[in-house]
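Report on the following structure.
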Amino acid sequence: MIKGNFIDNLPRVYGIYTGGFLAFIIIMAIAEQMGMTAKAIGICFVAFTVAIYAIIGYLSRTAQADAYYVAGRQVPTVFNGMATAADWMSGASFVAMAGGIYFKGYGYMALLVGWTGGYVLVASLLAPYLRKFGCYTVPDFIGTRYGGNLSRFLAVVVLTVASFTYVTAQINATGTIASVALDIPFQYAVYVGLVSILLCSMLGGMRGVTWTQVAQYIVLIIAYLLPVFWISNKMGAGFFPHFMLADEVARIAELETQFGLGTIKNTAADLATVPKGLAGITKAHSAVNATPWAFISLALAMMMGTASLPHVMMRYFTTPSVKAARKSVGWSLFFIFLLYSSAPMLATLSKLSLIDPNLATGIIGKSISEVQAIDWYQNWNQANLMFVSDFNGNGTLELNEFFMGGKAVVLATPEIAGLPYVISGLVAAGGMAAAMSTADGLILAIANALSHDLYYKIIDPKAETAKRLVVARVLLVVIGFAGATIAAMEIQGILGSVIWAFDFAMSGLFFPLVLGVWWKRANREGAIAGMALGLASGMGYLIWVRNGGSGFLGITQLTFGIFGSAVSLVSMVVVSLITSEPDAATQKMVDEVRVPSGKSILGKQH
Amino acid sequence: MSKQAQHWEKTRGLLIVTLAIWFVFSIGIFLFGAEMESVGGPFGYPLTYWFTCQGSLGIFVILIFWFANRQEKIDEEFGFSEKGDD
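Read top to bottom, the protein sequences are chains A and B.
Counting along the first sequence from 1, when you hit position 407 you're at 407 in our numbering, and nothing is skipped either side.
To get our numbering, take the position in the second sequence, counting from 1, and add 606.
The following block contains the structure:
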């Protein structure tokens, strides 16, 4: 069926795949009309897509180090863009982002700006230079640029802290979706999610993850955009929501005033009766509701974190050239933009359909008993994602008496808008794809750093390739299980731990990475101080604020990386300047990194 | 000045321009969030709202492609571009 080499045939392969997936959706839609149950549809969607990823993972198996670590450095720009977008957009982006915008409006949208603006830093400051360097992992760059096992080891520590914080949240998300779609308890579903994740990455390493991530991007973007367009059309809000929701946004602002948003407050006693994890609408939808510094500091922390997260950076090690790495960052952001620019539209449609009394789906202003009798309300109330209560005893549902979980915006809106169940199944498959692809990238980043930098470069530099890859795979499984075990304990929400991961990464890695390329004078002692003090002070600040500390300069537990990275910068510059400058060989190496032509610093096999 | 030093000077110049544009649309304009609110933006959205959900994001996409092209030109000018295609 397919002639010639795989890379040349990529557009064809993924074209057929996309067609097949669309055909599958249509078959499911027909099956639903013929009486297939909602539960069976959910199982089919999740099982079918996960099986495809597993097959891709198996077909990508490899025994070569450069295929395992960097996919043989032959991933074309556009496909690497898709893979990065899937790697990047996690369960949080897919399931929680629209909900965050729904509840918090402008203040939350700092995350949209931060999670996209960071790519400008990636493209201009780092990705092309690290690609030229020819490293397998991020600590590989730190260890070679600054020299010495300690600097390499510290980079591995920062990478592990940040990525592990992040990955538990992703395994948690796969578990949540698997437990809903397959109808099994969360404690087991977490391990079902984990096995699916490992199937993609274990045999093929980066190569397997790359080709499954492209497949996962296609599923997740269809699963996100299709409902947004469909709902918008069904509500008559406009056939292309992104350009046509101005009236709806204005209408929400009007209703907010009418319903007394911000003036009618619930008492603490009333709020105590609301189930945990649910929230009411307390913030304006489109109006500015945060101080400039609150907005900017959050955006800045996310941008610098983006440029320091190793699982994103290592995607640009897989392109064929430096030039391709730069372009690929642009494509990544384009594919991310498709989803991120749709999230506020989904939040708008979701909110309006719930609160506008002129719409058939609107529930505010209806009697409480009428709302409690609605099918979808009962379903989502049972799933602990929706709740109404007649606080003022007037028998009518007010805006301040309606509570929802953040996930419900993505998960429940199709059902509220009256879309067929097949869409809900599709959304579940999309959420699973988003969480799996990110978890894969993260687990691989940690396992590769431990196997390549800790085991091979520090512990046993004479190890054979076969042995190195066995160690890499064993670590992959161990880290996966450790992550799943912590995820099963459900310590923390999905979004909170994702944001922490960014702060940890920027505290320890941002300046050592950037200055490694842009400041020749930066030396080993400086980098060691920058990583150790940056991470320690960031973590210290977090612990202090978590334990009732007041914080300073408006830096919160979501933006502690600003403090950590400032400490990192100052200590790195000061220590570099009071110690001797790097030797001539290192300075020459930096010069070579700065031009795209010529050999990479590290050989093809290292 | 050596060819390499000139190349790096131009590269650094491009970085500064790129980061300046980035700064304006990721940080600068949000200093004036409240002031921009009453101003109408594209497609009829309030301007601040439009920047947070489409404007800044789209500008970043264009900025990266623009930057990549400029940098390629600089590399070619000094003969530092890679052999072969991508």
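Cβ atoms here follow ideal geometry from the backbone N, Cα and C, with glycine treated the same way.
Keep in mind it's a predicted model, so treat the numbers as computed, not measured.
Task: Contact check, Gly534/A vs Ser565/A, beta carbons under 8 Å - done: yes
TODO: For the stretch 523-530 of chain A and the stretch 579-599 of chain A, state whether three or more C-beta atom pairs, one from each stretch, are separated by less than 8 Å.
DONE: yes
Open item on the list: For a minimum of 4 consecutive residues, which ranges assigned as the alpha helix (DSSP H) are wholly contained in the stretch 358-402 of chain A?
Closed with: 368-372 and 375-382
Open item on the list: Comparing C-alpha positions only, which one of Phe133/A, Gly496/A and Met531/A sits nearest to Ala325/A?
Closed with: Phe133/A
Open item on the list: When you compare the CB positions of Leu130/A and Met313/A, do they come within less than 8 Å of one another, or not?
Closed with: yes
- [ ] Under 6 Å Cβ to Cβ from Ala439/A, same chain only, skipping five residues before and after it: list those, please.
- [x] Val167, Gln170, Ile171 and Ile197
- [ ] Determine the DSSP secondary structure at Leu278/A, reduced to helix, strand or coil.
- [x] strand
Open item on the list: Just to check my reading of the structure: Thr559/A and Ser389/A have Cβ atoms closer than 8 Å, yes? What is that Cβ distance to the nearest angstrom?
Closed with: Going by Cβ atoms, the distance from Thr559/A to Ser389/A rounds to 34 Å, so no, they are not a contact pair.
- [ ] Give a yes or no on whether the minimum CB-CB distance between Ser687/B and chain A is below 8 Å.
- [x] yes
Open item on the list: Report the CB separation of Ile347/A from Gly117/A in whole angstroms; it is logged as a contact under 8 Å.
Closed with: Note on residue identity: the sequence assigns Ala, not Ile, to residue 347/A. The pair is not a contact, with the Cβ atoms about 20 Å apart (cut-off 8 Å).
- [ ] Can you give me, in chain order, the residues of the stretch 284-314 of chain A that have a beta carbon less than 7 Å from any beta carbon in chain B?
- [x] Ser286, Ala287, Val288, Pro292, Phe295, Ile296, Ala299, Leu300 and Met303
Open item on the list: Here's a check: name, in chain order, each residue in its chain whose Cβ is nearer than 6 Å to the Cβ of Leu509/A, leaving out the five neighbours to either side.
Closed with: Val158 and Ser308
TODO: Pull up the distance between the alpha-carbon of Trp500/A and that of Asp356/A, whole angstroms please.
DONE: 36 Å
Open item on the list: I'd like to know whether the C-beta atoms of Tyr340/A and Leu121/A end up nearer to each other than 8 Å.
Closed with: no
TODO: Enumerate in chain order the residues of its own chain whose CB-to-CB distance from Phe334/A is below 7 Å, with the five nearest sequence positions on each side excluded.
DONE: Gly81
Task: is_contact[Gln612/B, chain A] using C-beta, thresh 8 Å - done: no
Task: Reduced DSSP category for Met607/B - H, G, I as helix; E, B as strand; rest coil - done: coil
Task: Alpha-carbon to alpha-carbon, Gly114/A and Ala435/A - done: 20 Å
Open item on the list: Given the structure, does Asn289/A come close to the ligand COA, in the sense that its CB is under 7 Å from one of the ligand's heavy atoms?
Closed with: For the structure depicted, the ligand COA is absent and the ligand set is empty, with no information on it obtainable.
Open item on the list: DSSP has Gly526/A in a bridge; who is on the other side?
Closed with: For Gly526/A, which the question treats as bridged, DSSP gives no partner whatsoever.
Open item on the list: Let me check one thing: in DSSP terms, what residues is Gly646/B bridge-paired to?
Closed with: Pro652/B
Task: Closest Cα partner of Tyr224/A within the set Tyr17/A, Ile336/A, Ala532/A and Gly405/A - done: Ile336/A
Task: Given Leu22/A as reference, the closest of Ser321/A, Ile416/A, Ile423/A and Ala412/A once Cα atoms are compared - done: Ile423/A
Task: Residue ranges of each alpha helix (DSSP H) within the stretch 516-565 of chain A, 4 or longer - done: 524-546
Open item on the list: Short of 6 Å in beta carbon distance, which residues of its chain neighbour Met1/A, apart from the five on each side in sequence? Order them along the chain.
Closed with: Because the pLDDT of Met1/A is 41, which lies under 50, any placement of that residue in the model is unreliable, and the number read from its coordinates should be weighed accordingly. Excluding sequence neighbours, Met1/A sits near nothing in its chain.
TODO: Could you spell out where the alpha helix (DSSP H) holding Asn448/A opens and where it closes?
DONE: Tyr421 to Asn448
Open item on the list: Any beta carbon from chain A within less than 8 Å of Gly619/B's own beta carbon?
Closed with: no
Task: Proximal residues to Gly619/B (C-beta, below 6 Å), its chain only, five neighbours per side dropped - done: none
Open item on the list: Judging by CA-CA distance, which residue of Asp453/A, Leu426/A, Ser600/A and Ile562/A is the nearest neighbour of Val50/A?
Closed with: Leu426/A
Open item on the list: Which residues does DSSP list as the beta-bridge partners of Met404/A?
Closed with: Ala279/A and Met386/A
TODO: Decide if the stretch 279-288 of chain A is in contact with the stretch 642-655 of chain B; the criterion is three or more beta carbon pairs, one per stretch, under 8 Å apart.
DONE: yes
TODO: Report yes or no: is there a C-beta of chain A within less than 8 Å of the C-beta of Leu625/B?
DONE: yes
Open item on the list: What would DSSP say about Leu509/A, mapped onto helix, strand or coil?
Closed with: helix
Task: Inside the stretch 186-251 of chain A only - alpha helix (DSSP H) runs reaching at least 4 residues - done: 186-201, 205-235 and 241-244
TODO: With a floor of 4 residues, list each alpha helix (DSSP H) that falls wholly inside the stretch 100-186 of chain A, ordered by position along the chain.
DONE: 110-121, 127-133, 138-146 and 149-182
TODO: Flag Glu643/B as yes if its beta-carbon sits less than 8 Å from any beta-carbon of chain A, otherwise no.
DONE: yes
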